Structures are given as structure tokens and as C-alpha cells.
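**Student:** Taking my numbering, I'd label the letters of the sequence shown as residues 6 to 248.
I have a structure here, written as C-alpha cells, and I will follow up with some questions on it.
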Amino acid sequence: MTRHDQTQFPQFYITAPSPCPYLKGRYEKKVFTHLVGERAVSLNNMLSQAGFRRSQGIAYRPACDGCDACISVRIRVDEFTPSRNMRRTLNANRDLVRVKKPALATEEQFSLLRAYLDTRHQQGGMADMTALDFVSMVEDTAVDTSLIEYRPRAADSENRLIAAALTDRLEDGLSMVYSFFEPDLNARSLGTYLILDHIELARELGLPYVYLGYWIEGSAKMAYKARFKPLEALTREGWQLME
């Protein structure tokens, strides 16, 4: 089959089982396909709406035996109102400037990512990421994606980069593929801020949703996503408002 045929009729594959990073004692499998060719953008749109996530040139979703704990979630942008704590986070970061950059990796971005991983995710799946891995993560894709950088507006340590998000633009929203930030600036709550600013960016672009990936009930790593209400979850009946 030629690559052209593959883009017209995407082939799906299943990974071998591996230990689940979220639920102890369970194993995960994923179904995936390649995002290549002229239809990569439209395919990424369609699969994102069907609960897939993107990693480089691959779209995947969990396909675990006897387990459906991973639930795709997205924020309803027009109905979202920040909580009191979220308003504090917005105020704490009012000095930050958002700049949308092409999906081209830089040394400064990688240095920030390494600081983030070494502090927050020492045992995670990306703990051993190299500079070449980072270049592939950012640049190895045919979809509509960008790196969104955040820097202080005022003269602050040479206007250094303190947060970034690899973000896909979909036809109905923004998909936050991966975000990372300066791990020692706890008072800023940068993880929360990045989501809040993506909600604002989606509003500016007239897009109805911000896709946050998967949420797992009972997983401490995923609990923060449930704070961004109203939140929709993908069910067998389609996207439904989470209670």
C-alpha cells in the first residue's frame, strides 16, 4: 500500500500491553494511527473529536482490556467562569506575555523542559528525553500546531522563558498536547495558568473547546482537570456534560 493510500484509508494498530502509569497493577494498550500526508490536519481533527490524542506524527487512544477508566475531556469555553482561586492565579500572572511561535524547537525551550522533568516528573515516561527527542516531539508532525511561549513583560532575568505549551489548533478548539514550565515558581501556579490562558486564547479565536486529554477518576495526577468546569466527557453516547 502506498503512503497516499494510507492517508486516504488510515491503518490502525494496537500496542503490546505495558504497565499503566496511572492505575497501579493494571496494564495499558493503545490503538494508534499515523498522521501523514495531505489529510493529516483533517484526520487529526476527526480523531481528536473521537477521543484520540496526538504524539508527534501519531494519534492514539487507550484500548485496554476490561478497562475504560481513561475519559477524554474538554472545556466548554463560552460557559467557563474562573473560580476565586483561578482569578488569583490570573492576577499573579498578569505580567506574562503570550507569544505564538512556529513548531520549531529551541535550546531555551529544551532547557526549560529538562528543568521541569527533572523536578516534577523524574519517574515519568519522558524522564530520559534528549534534545533530539524534543525536536521530534515539536517538529515531527504535519498538523496545525505551534509552541506558545510565556515570558514576563517587565525586565525580569533577561525576560526569560518561564512556560510553554505545544498546542494544536483544531476546527472546534485548541488541544493542549504538552505543557511545561519553571518548576520553582510555585506562587504563580503556572500549570493552572496555562489552561486558563488557553481558554482565553480559544475565546479570542472563536473556538468552543479546549481539549485537555484524558481524565481518570481517582487518579491524583489527573484530578486538576475536573476543576475547569463546565467540562465535557466523551461517552458512548457522545460528548456529555460531566456532573
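Glycine included, every Cβ here is placed at the ideal spot set by N, Cα and C.
Just so we're clear, the structure is a prediction, and the values are computed from it rather than from any experiment.
1. Would you list the one or two residues that DSSP bridges to Y65?
2. With a cut-off of 8 Å, do at least 3 Cβ pairs link the stretch 219-230 to the stretch 202-210?
3. Taking 8 Å as the limit between beta carbons, can you name the residues of its chain near R156, skipping five residues before and five after?
4. Closest by CA to D187, which one among G196, S180 and L179?
5. Mind listing, in chain order, the continuous beta strand (DSSP E) runs of no fewer than 3 residues lying wholly within the stretch 181-244?
6. Would you tell me roughly how many angstroms separate the C-alpha atoms of E33 and C25, rounded to the nearest one?
7. Kindly list the residues whose CB is nearer than 8 Å to the CB of Q61, restricted to its own chain and excluding five residues on each side of it in sequence; keep chain order.
8. Whole angstroms is fine: what's the gap from I153's alpha carbon to E113's?
9. Buried or exposed, going by whether 16 or more other CB atoms sit within 10 Å of the CB of E248?
10. Keeping to the same chain, check which residues put their C-beta closer than 8 Å to that of A192; ignore five residues upstream and five downstream.
11. In chain order, what residues of the same chain have a beta carbon less than 7 Å from the beta carbon of E84, not counting five sequence neighbours either side?
12. What are the uninterrupted segments assigned as alpha helix (DSSP H) that are 4 or more residues long and contained completely in the stretch 115-171, given in chain order?
13. With 16 as the cutoff for other CB atoms within 10 Å, does Q54 come out buried or exposed?
14. What residue does the beta strand (DSSP E) around L101 start on, and which one ends it?
15. Using CA atoms only, rank isn't needed, just tell me which of Q16, I204, F115 and S224 is closest to L52.
16. Just grab the DSSP bridge partners of D173 for me.
17. Excluding the five sequence neighbours on either side, which residues of its own chain have a C-beta within less than 8 Å of the C-beta of M227, listed in chain order?
18. Return helix, strand or coil for R93, following the three-state DSSP convention.
19. Can you tell me whether L52 is helix, strand or coil according to DSSP?
20. Would the beta-carbon of D173 fall within 8 Å of that of N49?
**Tutor:** Taking the geometry as given:
1. F37 and R58
2. no
3. L101, V102, V104, N164, R165, L166 and I167
4. Per the sequence presented here, residue 187 reads as Glu, with Asp not at that position. Checking every option, the nearest Cα to that of E187 belongs to G196.
5. 214-220 and 236-240
6. 5 Å
7. S141, M142, D145 and T146
8. Computed Cα separation, rounded: 13 Å.
9. exposed
10. Excluding residues within five positions, the ones whose Cβ falls inside 8 Å are A97.
11. P235
12. 136-144
13. buried
14. L101 to K106
15. Q16
16. T150 and S180
17. Y27, Y219, W220 and I221
18. helix
19. Looking at L52 - three-state DSSP - the assignment turns out to be helix.
20. yes
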